[in-house]
Amino acid sequence: MNSTLPKSALFCAAIAMAATPVLAEKASQLVDINGTMGRDAEYQLQQRGFAHVSTHKNEMGYAYSYWWDEADDDCVQVEVYNGRVETIQDASDQDCGHHKGSAGTAVAAVAGAAILGALLSHKSHHHDDGNHQSDRESELQYERGYTDGLHNAAYHNYDRSDAYSNGYSAGVQQRNANLSHHHGRGGYRQAAQFKDLRDARAAGGMSQLEARGFRQVDNFTSGNTRYSIQWRPQSRQCVQVTIADGRFYDLRDIGQHPNCR
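If you count by mature numbering (1 follows the signal peptide of the UniProt record, and there is no 0), then the sequence shown holds residues -24 to -1, 1 to 237, one letter each, in order.
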């Protein structure tokens, strides 16, 4: 009997096992984290080898965070609303600042590896369908528009590209979300917070506005919707409150109103 045969077979099996990558823990294996509080989800992800990459909040109050597992070469997106995890789904390596395969190589060849991260700053959730565009040129046009909108640059769609236009809109939305704490006014006078009262019950919200120095100067209805104009003379804030179904649906500083004086 040839004793080298078993050794040869064993050697080939060992090589095959070494060449097989460890399967990444995909989003489908993380569904047990759905519904948990954000802080608990963060701990669970770290325990499973994921490191936080970035978090982006939108105007609707949703937060999208991206997590990278270096060992498994895997990126996932976690959607959080009101402090709880709504969904966990797979994201592209690009979303976590990593690139592999032909797509990443193609972009690197055009953009240059040194500026790759700066060129591809937007994430999957910024697209309406939640996916990056497969066409490299369209994706770069989208990114240029997103960057211009994010930094309040002039709209400059010299190629008349739909991708640029969509990217610009996404950038403006992200900028508004990033500046949701700002009242849109400068100077030295301290302005009162009010945007945090969105979705508050009308009665409690009105009491909060009064406690913050606002007083109602006008009130009118349109169908099932009520509008209240609130004036705060100390900071000269004139806020319109939209009330529907017994809750504050929207609050915004309208700048001026005949009764805001």
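C-beta atoms are modelled at their ideal positions from N, C-alpha and C, and glycine is treated no differently.
Measuring only the C-alpha atoms, how far is residue i from residue j?
i: residue 318; j: Gly106; result: Nothing in the structure corresponds to residue 318, since the chain is present only between -24 and 237.
i: Arg112; j: Gly14; result: 34 Å
i: Tyr140; j: Tyr122; result: 7 Å
i: Val29; j: Leu6; result: 17 Å
i: Pro209; j: Ala167; result: 10 Å
i: Arg212; j: Cys236; result: 8 Å
i: Ser68; j: Lys171; result: 33 Å
i: Val52; j: Asp124; result: 27 Å
Given a threshold of 16 other Cβ atoms within 10 Å of its Cβ, counted over all protein chains shown, does residue i qualify as buried or as exposed?
i: Ala130; result: exposed
i: Asn58; result: exposed
i: Asn195; result: exposed
i: Ser41; result: buried
i: Met182; result: buried
i: Leu155; result: exposed
i: Gly232; result: Here residue 232 is Gln; the residue named in the question, Gly, does not match the sequence. Exposed is the call here.
i: Tyr118; result: buried
i: Arg120; result: buried
Check each candidate in the options and name the one with the smallest Cα separation from residue i.
i: Gln150; options: Ala39, Arg24, Val29, Val193; result: Ala39
i: Trp43; options: Ile205, Gln23, Met36, Ser156; result: Gln23
i: Pro234; options: Asp226, Ile205, Gly222, Arg228; result: Ile205
How would you write the range of the alpha helix (DSSP H) that residue i sits in, first residue to last?
i: Asp8; result: Per DSSP, Asp8 belongs to no alpha helix (DSSP H) and is neither H nor E.
i: Ser183; result: 178 to 187
i: Asp124; result: 112 to 126
Along the chain, where does the beta strand (DSSP E) containing residue i start, and where does it finish?
i: Asn195; result: 191 to 198
i: Ala220; result: 213 to 220
i: Asp229; result: 223 to 229
- Message: Taking contact to mean 3 or more Cβ pairs, one atom from each stretch, closer than 8 Å, check whether the stretch 131 to 138 and the stretch 173 to 189 are in contact.
- Response: no
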